[in-house]
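Structure first, commentary second.
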Amino acid sequence: MDTKETESQLSENEEDAFGAAMKEVEWSVDHENILVEWADKAMCYRWLHGKANSSFSKKNTWYTIPVIVISTLTGTANFAQDRVPVEYQGYFVMTVGAFNILAGIITTIQQFLKITQLNEAHRVSSIAWDKFYRNIKTELAKHPSERLPVIQFLKMCKEEFDRLMETSPVIPDDIIELFNTQFSDKRVMDKMIEDKEKEGLTVDHGRVMDAKGKQLDIMLKVFSKPEVCDSLVSTNDSRNPWYTAEMQSKEKSKQLRDNMSKLSETKRQHAYNISTVKNFKKNFYNLNNREPLDNEIIDNLREQIDEETIRSIIYDIQRATKPESMSRSTSGEHTNFMGDESV
């Protein structure tokens with residue numbers, strides 16, 4: 001029982017430590033780039049599944065309405081069979097039976113092609129991808145200090161992205177061709193340039209400038225498309241650029257700043273520890289009229305400073321005060337000697 005409790009406590013401690021580590025990781029441009037790519041693909045999937053839903057809805061209508069009409073007419077014809085002349089009743093029955101068979105064939109084809117199920121599946125997928133896209137868009141619109149912990153949010157988004165990819169139905173080829181036609185890179189870029197020009201801005205090689213020719217901090221870029229749209233991007237493009245010379249230089253500068261900050265903090269803490277020990281010795285001498293022993297200093301300051309640091313400070317103080325005491329004793333002996341000589 002004790003072992004299980006110990007293991008449970010250790011597991012809880014590990015989870016707490018992991019949670020604290022996740023909260024310490026700050027948002028960066030690299031994290032945002034990952035989420036932007038997922039959001040762009042979610043936006044594309046929303047459009048694709050929405051169009052597929054519309055397509056299957058039309059097909060479902062064209063398969064369902066004829067069956068409704070035929071079933072209604074044949075059902076009514078069965079009641080009117082007695083009024084048909086006897087010489088035509090055989091043809092009448094065969095005609096009604098043929099229409100019933102036709103309705104059955106249409107219904108069977110509809111079920112075999114799973115038009116109704118695919119129509120509903122694409123509708124649900126379109127809503128789910130839209131929800132996923134809006135969640136990322138809302139989170140990125142916030143200031144980094146107001147967002148969820150970055151590691152936690154990335155983990156949530158990755159799991160949701162994988163789940164949607166696994167559960168979403170296959171998109172028909174004609175819908176993919178329509179997407180590639182309407183959202184080709186050239187058409188998308190031309191539309192963005194047109195929108196910027198309406199705002200009184202100019203665009204040169206993707207860089208946006210105002211009316212005075214001043215370059216703005218805006219770069220037009222075509223959104224990321226899913227692989228299903230014949231858009232294959234090398235994994236190398238998704239690599240973090242930590243290996244470039246510029247990034248290595250930035251990393252070294254960051255490490256240097258961190259080391260300087262740590263060194264400054266260490267010096268400040270050491271000066272504070274020395275001041276604490278000296279103040280204790282001074283107060284102890286004022287109260288007891290004697291210098292404190294090493295063990296007395298350690299016992300009283302153990303909760304504030306670790307023992308090794310206290311011993312090191314005591315040693316440094318004693319070593320610094322020894323030359324002063326020796327010089328005082330030497331000057332005293334010299335005075336006595338001069339006094340004896342005068343006598």
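In terms of full-length UniProt numbering, the sequence shown has 104 at position 104, counting the first letter as 1, and numbering is strictly consecutive. Using N, Cα and C, we set each Cβ at its ideal position, and we do this for glycine too. Since the structure is predicted, the reported quantities are computational estimates derived from the model, not experimental observations.
Buried or exposed for Phe79, going by 16 or more other Cβ atoms inside 10 Å?
exposed
Using only the alpha-carbon positions, how far apart do Ser312 and Lys278 sit?
13 Å
Indicate the three-state DSSP secondary structure (helix, strand or coil) for Glu139 in the structure shown.
helix
Cα-Cα separation, Thr330 to Asp258:
Confidence in Thr330 is poor, its pLDDT being 45 and thus under 50, which makes the residue's placement unreliable; the coordinate value appears in the next sentence. Each residue's alpha carbon lies about 48 Å from the other.
Starting from Ser168, trace the alpha helix (DSSP H) in both directions and tell me its first and last residue.
Where Ser168 is concerned, there is no enclosing alpha helix (DSSP H), given that its DSSP letter is neither H nor E.
Can you give the Cα-Cα distance for Ser155 and Ile34, rounded to whole angstroms?
For clarity, residue 155 is Lys in the given sequence; the question names Ser instead. Going by the C-alpha atoms only, they are around 12 Å apart.
Applying the criterion that 16 or more other CB atoms from any shown protein chain within 10 Å of the CB defines a buried residue, is Val69 buried or exposed?
exposed
Taking Cβ positions, are Asn273 and Ile317 nearer each other than 8 Å?
no
Beta-carbon separation of Phe56 and Leu118 under 8 Å?
yes
As assigned by DSSP and simplified to three states, the class of Arg311:
helix
According to DSSP, is Ser28 helix, strand or coil?
coil
Residues of its chain near Tyr133, where Cβ-Cβ distance is below 7 Å and the 5 sequence neighbours each way are ignored
Ala39, Ala42, Met43 and Arg46
What are the boundary residues of the alpha helix (DSSP H) that Phe179 is part of?
Asp173 to Gln182
Going by DSSP, what residue range makes up the alpha helix (DSSP H) through Tyr296?
Sequence check: residue 296 is Glu here, not Tyr. It spans Asp294 to Leu301 - the alpha helix (DSSP H) in which Glu296 sits, taken as one unbroken run.
Would you check if the distance between the CB atom of Leu293 and the CB atom of Thr276 is smaller than 8 Å?
no
Cβ contact (3+ pairs, closer than 8 Å) linking the stretch 76-93 and the stretch 102-114
no
Own chain, CB closer than 8 Å to Pro172, minus 5 neighbours either side, in chain order:
Ala52 and Ser55
Does the Cβ of Ala128 have 16 or more other Cβ atoms within 10 Å, making it buried, or fewer, making it exposed?
buried
Rounded to whole angstroms, what's the CA-CA distance from Ser264 to His270? Just pull it up for me.
10 Å
Kindly indicate the opening and closing residues of the alpha helix (DSSP H) around Leu113.
Careful: Leu113 lies outside any alpha helix (DSSP H) and carries neither H nor E.
Can you look up Asn33 in the DSSP assignment and give me helix, strand or coil?
helix
Measure the C-alpha to C-alpha separation of Lys262 and Ile314 and round it to an integer number of angstroms.
24 Å
Name the residue from Ile310, Ser145, Ser125 and Val150 whose alpha carbon lies nearest to the alpha carbon of Leu48.
Ser125
Going along the chain, which residues of its own chain have a beta-carbon closer than 8 Å to the beta-carbon of Pro144, five neighbours each way excluded?
Glu26 and Trp27
In the structure shown, what three-state DSSP assignment does Asp306 receive?
coil
In angstroms, rounded to a whole number, what distance separates the CA positions of Glu120 and Tyr91?
41 Å
Just to confirm my understanding: we take Phe99, look at its own chain, exclude 5 residues before and 5 after, and list those with CB closer than 6 Å. What are they?
Ile70 and Thr74
My assumption, with CB atoms under 8 Å, is that Ile298 sits in contact with Glu307. Please give the rounded CB distance.
6 Å
Looking only at its own chain, which residues have a Cβ that is under 6 Å from the Cβ of Thr266, when we skip the five neighbours before and after it?
none
Do His31 and Val170 have their CB atoms nearer than 8 Å?
no
Taking all protein chains shown into account, decide if Val96 is buried (16 or more other Cβ within 10 angstroms of its Cβ) or exposed.
buried
Entirely within the stretch 68-97 and at least 4 residues each: give me those alpha helix (DSSP H) ranges in chain order.
none
Rounded to whole angstroms, what's the CA-CA distance from Ile106 to Asp130? Just pull it up for me.
34 Å
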